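J.: With positions in the sequence shown counted from 1, the corresponding number in the working numbering is that position plus 433.
Ideal Cβ positions, reconstructed from N, Cα and C, are used throughout, including at glycine.
None of these values were measured; they are calculated from a predicted model.
Below is a structure I'd like to ask you about.
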Amino acid sequence: MIGFLNSAIAFSLGPLTVRWYGIILCLGMALGIILALREARRQHQDEEHLLNMLLLIIPLAVLGARLYYVLFNLNWYLAHPADILASWKGGLAIHGAVIAGVLVLIIYCRVKKTDFFRWADILAPSLILGQAIGRWGNFANQEAYGPVIADGSFWSWMPLQVYADGAYHHPTFLYESAGDLALFIFLIVLIRRPHRVGAVFAWYLIFYSVLR
Numbered sequence: 434m435i436g437f438l439n440s441a442i443a444f445s446l447g448p449l450t451v452r453w454y455g456i457i458l459c460l461g462m463a464l465g466i467i468l469a470l471r472e473a474r475r476q477h478q479d480e481e482h483l484l485n486m487l488l489l490i491i492p493l494a495v496l497g498a499r500l501y502y503v504l505f506n507l508n509w510y511l512a513h514p515a516d517i518l519a520s521w522k523g524g525l526a527i528h529g530a531v532i533a534g535v536l537v538l539i540i541y542c543r544v545k546k547t548d549f550f551r552w553a554d555i556l557a558p559s560l561i562l563g564q565a566i567g568r569w570g571n572f573a574n575q576e577a578y579g580p581v582i583a584d585g586s587f588w589s590w591m592p593l594q595v596y597a598d599g600a601y602h603h604p605t606f607l608y609e610s611a612g613d614l615a616l617f618i619f620l621i622v623l624i625r626r627p628h629r630v631g632a633v634f635a636w637y638l639i640f641y642s643v644l645r
């Protein structure tokens with residue numbers, strides 16, 4: 434395991450415990466925001482529009498991600514209701530975040546009478562970059578792993594295996610993070626070339642669906 438991720442907890446300040454999961458997600462969000470601002474500036478779009486969007490999208494996307502995860506693990510959370518809001522322990526579903534974020538963006542663009550697809554194109558590379566980084570939060574929590582890796586198999590050389598339930602598992606977080614990064618590079622190249630409005634967002638949806 435990577436040294437600085439030996440524990441899910443990064444540090445504690447009195448009663449406050451800060452987890453690597455939260456730090457990594459915040460890092461992904463911060464880099465995504467910076468990238469989106471630069472792209473909006475490059476396309477001569479209103480950066481204030483973007484910041485106003487993100488002030489709505491980010492918290493509601495996190496809420497959507499948590500709600501989606503809880504609903505798909507409802508029996509466990511009904512038995513442990515105190516953990517329903519404990520998102521810092523893990524349990525954010527990207528599907529819920531994307532659905533909530535897209536809905537918020539649609540409503541915002543209709544109210545402000547601005548082009549949804551243009552803004553979706555601007556945000557798509559930032560979203561997939563944040564996902565590529567955020568997957569390492571799963572590694573910090575030792576979650577979202579794949580099947581057991583048999584001793585002596587071809588896959589036994591794989592770095593960053595996840596140890597759980599007495600066995601080493603495929604690091605599916607790493608596979609998806611690498612795929613997300615490749616998709617990010619593709620979208621960055623695409624958005625800087627002539628393309629139809631909405632194409633960048635469409636390719637994000639298509640390729641990320643394949644990755645999943």
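Are the stretch 449-467 and the stretch 560-569 touching by the rule of at least three beta carbon pairs closer than 8 Å?
T.: Judged by Cβ distances under 8 Å, the stretch 449-467 makes contact with the stretch 560-569, as three or more pairs qualify.
J.: Does SER586 come out as helix, strand or coil in the three-state DSSP assignment?
T.: SER586: coil per DSSP, three-state reduction.
J.: Give the straight-line distance between the Cα atoms of VAL633 and ALA469, rounded to the nearest whole angstrom.
T.: Rounded to whole angstroms, VAL633 to ALA469 spans 13 Å at the Cα level.
J.: Can you give the Cα-Cα distance for SER440 and LEU623, rounded to whole angstroms?
T.: Cα-Cα distance, rounded: 38 Å.
J.: Looking at C-beta atoms only, is the number of pairs between the stretch 441-459 and the stretch 528-538 that lie closer than 8 Å three or more?
T.: The stretch 441-459 vs the stretch 528-538: no contact.
J.: Can you check whether the CB of ILE582 is closer than 7 Å to the CB of LEU616?
T.: Cβ atoms of LEU616 and ILE582: not closer than 7 Å.
J.: Going by DSSP, name the residue or residues bridged to THR547.
T.: THR547 is not bridged to any residue.
J.: Evaluate ALA498 with the Cβ neighbour count: other Cβ atoms within 10 Å of its Cβ, from every protein chain shown; 16 or more gives buried, anything less gives exposed.
T.: ALA498 is buried by the Cβ-count criterion.
J.: Using alpha carbons as the reference points, say which of ALA519, LEU493 and TYR502 lies closest to ILE540.
T.: Considering only alpha carbons, the answer is LEU493.
J.: From this set, LEU487, LEU488 and GLY524, which residue's C-alpha is nearest LEU504's C-alpha?
T.: Considering only alpha carbons, the answer is GLY524.
J.: Taking MET486 as the reference, which of ASN574, ALA600, ASP548 and TYR637 has the closest Cα?
T.: For the residues ASN574, ALA600, ASP548 and TYR637, the minimum Cα distance to MET486 belongs to ASP548.
J.: Could you tell me if ILE555 is buried or exposed, where buried requires 16 or more neighbouring beta carbons within 10 angstroms of its beta carbon?
T.: Result: buried.
J.: Where does PRO604 land, buried or exposed, given buried means 16+ other C-beta within 10 angstroms?
T.: Per the 10 Å Cβ criterion, buried.
J.: Quick check on DSSP: helix, strand or coil for ALA441?
T.: Looking at ALA441 - three-state DSSP - the assignment turns out to be coil, as it is neither helix nor strand.
J.: Where DSSP assigns a beta bridge to LEU446, which residues make up the other side?
T.: LEU446 pairs with LEU449.
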